[in-house]
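S.K.: Mind having a look at this structure? Questions to follow.
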Amino acid sequence: MRVGVVGYSGQAFDPDLGRVLVRKAFDALPHRNSIEIVSGLTRLGIPAIAYEEAVKRGWKTVGIACSKAFDYDCFPVDETIIIGTDWGDESQAFLNSVDWLIRIGGGKQSHEEARLAKMQGKPLLEFELATQLVS
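Start counting the sequence shown at 346; every next residue gets the next number (the working numbering).
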């Protein structure tokens, strides 16, 4: 089962709460011994936390992103898929590749991907996560 994870990447948020929410979402998934976690490839924010937790659980990791992802630190995923040159170019392929979607916080693209997943009838787990002001 392929599970997509979307959420904050560049925005500041409470990483401890982010970890708690990722674990809570992962614990709620069925068939937990045959899961692949699919996210946006970068080692930033919620995607990084999701990949780290997936590795701890022995799950496969997949990164689907546009080529701009290589401008950032990338997580050493098991499989990398690059689609397009701009953020969002990969969204439809990402959604087509997953059976479930988890959204933890996130901006416009995360919310749009969650909306589309729901329209496609995919199971969806959503958690709100407030951003923090950086001083």
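Heads up, the beta-carbon is just placed ideally off N, CA and C, and yes, glycines get one too.
Comparing C-alpha positions only, which one of T476, L470, A475, L474 sits nearest to L374?
M.R.: Selected option, being the one with the closest Cα: L470.
S.K.: What would DSSP say about E398, mapped onto helix, strand or coil?
M.R.: Residue state, collapsed to three classes: helix.
S.K.: Cutting at 8 Å between CB atoms, please list the residues of its own chain near E458, excluding the five before and the five after it.
M.R.: For E458, where only same-chain residues beyond five positions count, the Cβ hits under 8 Å are G349, V351, S436, F439, L440, L446, R448.
S.K.: Identify every run of the beta strand (DSSP E) within the stretch 387-463, keeping only runs that are complete inside it and at least 3 residues long; order them along the chain.
M.R.: Segments of the beta strand (DSSP E) lying fully in the stretch 387-463: 405-410, 424-427, 445-449.
S.K.: A410: which of R460, L389, L461 sits nearest, CA to CA?
M.R.: That would be L389, whose Cα lies nearest to the Cα of A410.
S.K.: Apply the 10 Å Cβ neighbour rule to A395 and answer buried if 16 or more other Cβ atoms are within range, or exposed otherwise.
M.R.: Buried, by the Cβ-count rule.
S.K.: What are the partner residues of I382, as DSSP defines its beta bridges?
M.R.: Per DSSP, V348, T406.
S.K.: Grab me the residues of S379's own chain with a C-beta within less than 8 Å of its C-beta, minus the 5 sequence neighbours each way, in chain order.
M.R.: The answer, listed in chain order, is M346.
S.K.: What do you get for F420, buried or exposed, if any count of 16 or more other CB atoms within 10 angstroms of its CB means buried?
M.R.: Classification of F420: buried, given that the 10 Å Cβ count is 16 or more.
S.K.: Tell whether a beta-carbon distance below 9 Å holds between A414 and T406.
M.R.: No. Outside cutoff.
S.K.: How would you write the range of the alpha helix (DSSP H) that L366 sits in, first residue to last?
M.R.: Looking at the DSSP string, the run of the alpha helix (DSSP H) that includes L366 is 360-372.
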